[in-house]
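Sequential numbering from 500 applies to the sequence shown in the working numbering.
We put the beta carbon where it would ideally sit given N, CA and C, even for glycine.
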Amino acid sequence: MESKILFSAIQPSGILTLGNYIGAISNWIKLLDTEYNCIFSIADLHTLTVKQDPVQFKQNVFDLAATYLACDLNPDKCIFFLQSSVHQHTELTWILNTITYPGELQRMTQFKDKSKSHSDNINMGLMDYPVLMASDILLYNTNLVPVGADQKQHLELARNLAERFNNRYTDTFIIPEPYISENGAKIMSLQNPDKKMSKSDANLNSFISLNDDENTIIKKFKKAVTDSENEVRYDAINKAGISNLLTIYSVMTGKTIKESENEFSGHGYGVFKTSVAEAVAEVLIPLQKRKTQFLSDKGYIENVLKNGAEKALDKAEKKIKQVYNTIGILYQK
Ligand code: TRP
């Protein structure tokens, strides 16, 4: 039996947080050593749906690629490429647009949220975003898509569009399933542990950027909101702040939550917070060094992405040809 295809993408939208590292980046790396065929993309065309400065935009792509390479994303073990380099993504988007209803896009939670937060720039791309995402997925005969809760609705649309197309024409697309990772750790804001950690939070102390230096990391953890007890114990409901710190500590050190609780039993929050900060710095500082090294050789990064795009193009072209033939488009290339 052929191994299943797993597809995921991440947007180059600037700062990456510790939440991205734990929730997305480190999971991709683990997936490389599973039985799945992994295809990972930098979804730059999605990012264009909010205004970008051209110089910064390009830099963000290099930055994201360098971050993944620094985290040991081995480009020989997967297809790692830039979405815009594979033109079939936008071609398939057009085809899928012809079977998508405006109502189902207007209903999307993310579209509604972003229309509010970017009310000066509500563009068609913002609305069509889930169709581009469906194309990313369906183009590669994807079986599994690791997605966070905020992308579930978009994956559902991809499934609906695949079924709609298959019903209207003939079986062409695989219906993708969500992939729920074993370590689905969700990292919360350090200042409001009921909220997800986010780089767009106005309170800069609420998130750890992957670029923060050691002093900043320590300072932010010292300010982390906890509770009025003085017991390091996991209780996500009554002790959301401490539980979040325990999760971070456990992921960073590879220790279980129980081991981590035991390690700090009888110690105050001050000692615990410093240890969490040090554990995070121990991972992030070497990572930053490796990232800087990769960034000093942009030619290498371009080469990695180019090789990835060649592999992706090959698969994408086969699929778009199949789609065109199915629809009755005269395919001439
Ligand atoms: N929209 C996704 C996000 O912001 C990124 C993305 C683009 C994606 N295309 C995808 C994720 C395809 C999974 C599959 O998180």
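C-beta contact flag for ASP627 and LEU656 at 8 Å
no
With distances taken from CA atoms, which of ASN640, GLN551, SER742 and LEU505 is nearest CYS577?
LEU505
Where does THR516 sit, in a helix, a strand or coil, going by DSSP?
strand
Cβ of PHE664 versus every heavy atom of the ligand TRP: is any distance shorter than 7 Å?
no
I'd like to know whether the C-beta of TYR628 is nearer than 8 Å to at least one C-beta of chain D.
The structure shown has no chain D; it contains just one protein chain.
Is any heavy atom in the ligand TRP found nearer than 7 Å to the beta carbon of ALA723?
no
Mind checking who TYR644 pairs with in its DSSP beta bridge?
Rather than Tyr, the amino acid found at residue 644 in this sequence is Val. PRO677, per the DSSP bridge assignment.
CB of PRO677 within 8 Å of CB of VAL646, strictly:
The Cβ atoms of PRO677 and VAL646 lie closer than 8 Å to each other.
Where do the N-terminal and C-terminal ends of the beta strand (DSSP E) with SER507 fall, by residue?
504-509
Which residues mark the beginning and the end of the alpha helix (DSSP H) in which LEU829 is found?
No alpha helix (DSSP H) holds LEU829; DSSP gives it neither H nor E.
For the beta strand (DSSP E) holding PHE580, just list the boundary residues, first then last.
578-581
By the 10 Å Cβ neighbour count, where 16 or more other Cβ atoms means buried, how is ASP743 classified, buried or exposed?
Before going on, a small fix: residue 743 reads as Asn here, not Asp. By the neighbour-count rule (16 or more Cβ atoms within 10 Å), ASN743 is buried.
How do the region 703-712 and the region 508-519 stand: do at least 3 beta-carbon pairs fall below 8 Å, yes or no?
The region 703-712 vs the region 508-519: in contact.
For MET623, count neighbouring Cβ atoms within 10 angstroms of its own Cβ and tell me buried if that reaches 16, exposed if not.
exposed
Proximity below 8 Å, CB of SER616 to CB of LEU625
In this structure, the beta-carbon distance from SER616 to LEU625 does not fall below 8 Å.
What is the rounded straight-line gap between the Cα of SER634 and the Cα of GLU781?
39 Å
Quick one: give me the first and last residue of the beta strand (DSSP E) that GLN536 is part of.
Before going on, a small fix: residue 536 reads as Asn here, not Gln. Taken as a continuous stretch (DSSP letters only), the beta strand (DSSP E) holding ASN536 covers 536-541.
Tell me the residue span of the alpha helix (DSSP H) that contains GLN587.
587-596
Give a single yes or no on whether ALA837 has its beta carbon closer than 7 Å to a heavy atom of the ligand TRP.
No answer is possible for residue 837: it lies beyond the span of the chain, which begins at 500 and ends at 832.
Measuring straight from C-alpha to C-alpha, what distance separates TYR748 and MET696?
Our two residues, TYR748 and MET696, have alpha carbons roughly 15 Å apart in a direct line.
Distance check for SER583 and LEU544, CA to CA, integer angstroms please.
6 Å
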